[in-house]
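S.K.: Using my numbering, the letters of the sequence shown map in sequence onto residues 12 to 359.
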Amino acid sequence: MNENSSLVPRLIAGPCSAESPEQLHTIASALKGLDLDYFRAGVWKPRTQPNCFEGIGKEALSWLLEIRKEYGYPLAIEVCLPEHADLALQAGIDLLWLGARTVANPYAVQSIAEVLRNSSTKVLVKNPISPDLSLWVGAIERLQKVGVSDIGAVFRGFSSSPLEEKRYRNAPYWSVAFELKRLFPHMMIYCDPSHITGKREEIEAMSQKAMDLGFEGLMIETHSDPEKAWSDARQQILPEELQRIMTCLQVKENKTKKNDLLEDYRLLLNESDEMLLSLLARRMNISKKIGAYKRSSQMPILQMEQFASILKSRTEMGLSMGLSPEFIERIIALIHEESVRVQIEENN
Ligand code: PEP
Ligand code: MN
Numbered sequence: 012m013n014e015n016s017s018l019v020p021r022l023i024a025g026p027c028s029a030e031s032p033e034q035l036h037t038i039a040s041a042l043k044g045l046d047l048d049y050f051r052a053g054v055w056k057p058r059t060q061p062n063c064f065e066g067i068g069k070e071a072l073s074w075l076l077e078i079r080k081e082y083g084y085p086l087a088i089e090v091c092l093p094e095h096a097d098l099a100l101q102a103g104i105d106l107l108w109l110g111a112r113t114v115a116n117p118y119a120v121q122s123i124a125e126v127l128r129n130s131s132t133k134v135l136v137k138n139p140i141s142p143d144l145s146l147w148v149g150a151i152e153r154l155q156k157v158g159v160s161d162i163g164a165v166f167r168g169f170s171s172s173p174l175e176e177k178r179y180r181n182a183p184y185w186s187v188a189f190e191l192k193r194l195f196p197h198m199m200i201y202c203d204p205s206h207i208t209g210k211r212e213e214i215e216a217m218s219q220k221a222m223d224l225g226f227e228g229l230m231i232e233t234h235s236d237p238e239k240a241w242s243d244a245r246q247q248i249l250p251e252e253l254q255r256i257m258t259c260l261q262v263k264e265n266k267t268k269k270n271d272l273l274e275d276y277r278l279l280l281n282e283s284d285e286m287l288l289s290l291l292a293r294r295m296n297i298s299k300k301i302g303a304y305k306r307s308s309q310m311p312i313l314q315m316e317q318f319a320s321i322l323k324s325r326t327e328m329g330l331s332m333g334l335s336p337e338f339i340e341r342i343i344a345l346i347h348e349e350s351v352r353v354q355i356e357e358n359n
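1. Taking the runs of the beta strand (DSSP E) that are 3 residues or longer, which of them lie wholly in the region 214–270?
2. Assess, as a yes-or-no matter, whether the region 45–55 is touched by the region 80–95 under the definition of 3 or more beta carbon pairs within less than 8 Å.
3. Can you list, in chain order, the residues of its chain whose CB lies under 7 Å from that of Ile343, leaving out five sequence neighbours each side?
4. If we ignore side chains and look at the alpha-carbon of each, how far apart do Ala119 and Arg112 end up?
5. Identify the residues that DSSP records as bridge partners of Val165: which are they?
6. Quick one: what's Arg21 bridged to in DSSP?
7. Would you report the Cα separation of Gly209 and Thr233, rounded to the nearest angstrom?
8. Under the rule that 16 or more other beta-carbon atoms within 10 Å means buried, what is Lys266, buried or exposed?
9. Compare the C-beta of Met198 against all C-beta atoms of chain D and say whether one is closer than 8 Å.
10. What alpha helix (DSSP H) runs, 4 residues minimum, are completely inside the region 70–151?
11. Just how far apart, CA to CA, sit Ser141 and Ala124?
12. Would you please state the rounded distance, in angstroms, between the beta carbons of Asp48 and Ile23? I believe it to be under 8 Å.
13. For Asn181, which three-state DSSP category applies?
14. Would the C-beta of Glu348 count as close to ligand 2, meaning under 7 Å from any of its heavy atoms?
15. Less than 7 Å separating the Cβ of Cys63 from some heavy atom of ligand 1?
16. Could you check whether the region 19–39 touches the region 216–231, counting it as contact only if at least three pairs of C-beta atoms, one from each stretch, sit closer than 8 Å?
17. When you compare the CB positions of Glu175 and Leu290, do they come within less than 8 Å of one another, or not?
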């Protein structure tokens, strides 16, 4: 993905949210020594659920300006509404990003774009919450159309279906990021391992994965007391931990993703296999619950009519999706066999 790989990834770091001037100072000071592109801190935080901390608001802008004055880091914040963009521009914030929830809403993007008309302030567009490339591209195009001259992107993964077992907070369907890079070959794309994994223990491995896949930069949430963070506590890491990760990352020159069709297909296969496995894991978890239910209701585990009806309905389903009847029969029989085994195990 990175055509001009330098050996050190570009880096945006700082807390998920600005909480107090002291918190920002402690973190900014502990990040000294890292060559930050930008110091990030959420001032406005759109949260999926109500009753979560939704950001300090404009008061935190002046705290951030103090940080820039003292440590020299350019500043990056999220803007969710046109008023935010207006306030951020007036304050002279160096980089604004559109978050995943905003990018999913074309009206919101357009109204922010109007405020940014002809702006030379850098704007990053995070991928939308669902794996919908056209929404991501649409947001970038809206900014291009109003003359925003410096646009980049951030890949933060996608909300996964409640039907899948979750390995990460957000599923990283890399193929969507590669498709964006194919459409905008010169666009800088940061990877955001914090929001992808949702877990601090996974940040290092995911950062290395991003490097292996050729991303040019990382956006990583850092906090001086991660467990007590007011938002995204589970995924923030100590600045010292970030320093360690940055020295351990292996960034190989030319280990970039070539524009190779076979490689693209393999990536799609990997993603499909991951989805299949997480669905199978979910299915077996449901079987376990059925096993427990049958035990408490003293029902037999094997119910042949039930299996016959599953086979019939799944064959119809699979045929409508273009699968061969023999394949459907074999795979359903195998899944059923495992499901019975899981239920027996649960019963014992
Ligand atoms: C964030 O970066 O803190 C954030 C809210 O990200 P996202 O929009 O990717 O959820
Ligand atoms: Mn966050």
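Ideal Cβ placement from N, Cα and C applies to all residues, glycine included.
M.R.: The answer reads as follows:
1. Fully enclosed beta strand (DSSP E) runs of 3 or longer: 228–232.
2. Segments in contact, yes.
3. These residues qualify, in order along the chain: Ile321, Leu322 and Arg325.
4. Straight-line measurement puts the Cα of Arg112 at about 10 Å from the Cα of Ala119.
5. Paired residue(s): Lys137 and Tyr201.
6. Residue pairing of Arg21 in beta bridges, as defined by DSSP: Gly228.
7. Each residue's Cα considered, the two are about 13 Å apart.
8. Legend: pLDDT at Lys266 = 45, less than 50; position of this residue unreliable, no value from coordinates given.
9. The structure shown contains no chain D, having only a single protein chain.
10. Within the region 70–151, the alpha helix (DSSP H) runs of at least 4 residues that lie entirely inside it are, in chain order, 70–82, 93–102, 111–114 and 117–126.
11. Whole-angstrom Cα-Cα distance: 21 Å.
12. About 6 Å separates the beta carbons of Asp48 and Ile23, which is inside the 8 Å limit, making them a contact pair.
13. Three-state DSSP puts Asn181 in a strand.
14. For ligand 2, not one heavy atom lies less than 7 Å from the Cβ of Glu348.
15. Cys63: no, Cβ never under 7 Å from ligand 1.
16. The region 19–39, when compared against the region 216–231, does touch it at the 8 Å Cβ threshold.
17. Taking a C-beta distance under 8 Å as the contact criterion, Glu175 and Leu290 qualify as a contact pair.
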